[in-house]
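Following: one structure in structure tokens, then a few remarks.
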Amino acid sequence: MGSNSQDTLDCFPNGLPFERKDYLAPVDLTGSATRHNQRGYFSASHITILKRLNIN
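Below is the structure:
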């Protein structure tokens, strides 16, 4: 039994239960991690996602 996108929308009628910055901060952190078997990463000199989007 799989779920579809309508099931997800029904669970969160007012959107996701967290703020955008609470999602983007870990994305920024994990994106800057470098590993030998990983092709891409965010450069250490890169401006953070939150600053680029002007989110406090």
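When you read off a place in the sequence shown, starting at 1, and then add 904, the result is the number in this note's numbering.
Think of the CB as a built atom: it goes at the ideal place given N, C-alpha and C, for glycine as much as any other residue.
Quick caveat: nothing in here was measured; it's all calculated off a predicted structure.
The C-alpha of ARG939 is placed about 29 Å away from the C-alpha of PHE922.
Under the DSSP assignment, THR934 falls in the alpha helix (DSSP H) whose first and last residues are 924-935.
Distance check between ARG956 and each of ASP914, ASN918, LYS925, GLY919 places LYS925 closest, using alpha-carbon atoms only.
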